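Residue numbers (the numbering used here): 2 to 193. Every residue, glycine too, gets a C-beta built ideally from N, C-alpha and C. Here the structure is a predicted model, which is why all the values come from computation and not from measurement. Here is the structure we will look at.
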């Protein structure tokens, strides 16, 4: 009889303890719901899946003049674009996924075909297809570590110098970003 009583008391204690945990969990859930309600009421929206904020749409509504850094070019770009003249490279860049390198060369650096061949031989960032393939440039869809990226290359041939344009390396660009940069470099005008 004592054993039965002890067993019943222990079972009752366990059930009561489990119920308290459930009550604590329920109280915790209620507080979280109340906090999320307060966030929604204060104008903040709760999202079940984290999302990246959408970037504003850029358009080619400005111009950069590279003559100030001794490169005789003007290019249509999004308003607010800046020139970064580093000791090792010159970049035309904007804060919203818009950054490309400008290289001035006498034509000995490489041809469009040679650059395309380099891309085709790249076994890390593998070309899937050429989304745009024009006589002076291309946009390549690539795959690196199962992630799709887009890159571009463009050549503007001058009488004395050639100008090469390529997206800044180290970043992942969407197709829309690559297309906008490609359209920008196609507006480049030699000013000499």
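Test item: CB-CB of residue i and residue j under 9 Å
i: residue 155; j: residue 138; result: yes
i: residue 169; j: residue 94; result: yes
i: residue 158; j: residue 173; result: no
i: residue 66; j: residue 192; result: yes
i: residue 167; j: residue 104; result: yes
Segment limits, alpha helix (DSSP H) that includes residue i
i: residue 178; result: 176–186
Among the options, nearest to residue i - alpha-carbon criterion
i: residue 182; options: 148, 109, 98, 67; result: 98
i: residue 186; options: 164, 119, 147; result: 164
i: residue 96; options: 191, 80, 145; result: 80
i: residue 109; options: 101, 191, 161; result: 161
i: residue 60; options: 184, 132, 106; result: 184
i: residue 58; options: 106, 105, 66, 78; result: 78
i: residue 121; options: 101, 83, 144, 104; result: 144
i: residue 83; options: 90, 89, 190, 100; result: 100
i: residue 76; options: 88, 89, 102; result: 102
Limits of the beta strand (DSSP E) - the one that residue i falls within
i: residue 117; result: Taken as a continuous stretch (DSSP letters only), residue 117 belongs to no beta strand (DSSP E), being part of the alpha helix (DSSP H) at 113–122.
i: residue 158; result: 148–158
Opposing strand residues paired with residue i [DSSP bridges]
i: residue 76; result: 65
i: residue 98; result: DSSP lists no partner for residue 98.
i: residue 191; result: 74
Stretch-stretch touch, CB-based, cutoff 8 Å, three pairs: the region 120–136 with the region 59–73
Output reads no: the region 59–73 does not touch the region 120–136.
I'd like to know if the region 109–117 and the region 139–159 are in contact, where contact means that at least 3 CB-CB pairs between them fall below 8 Å.
These segments touch.
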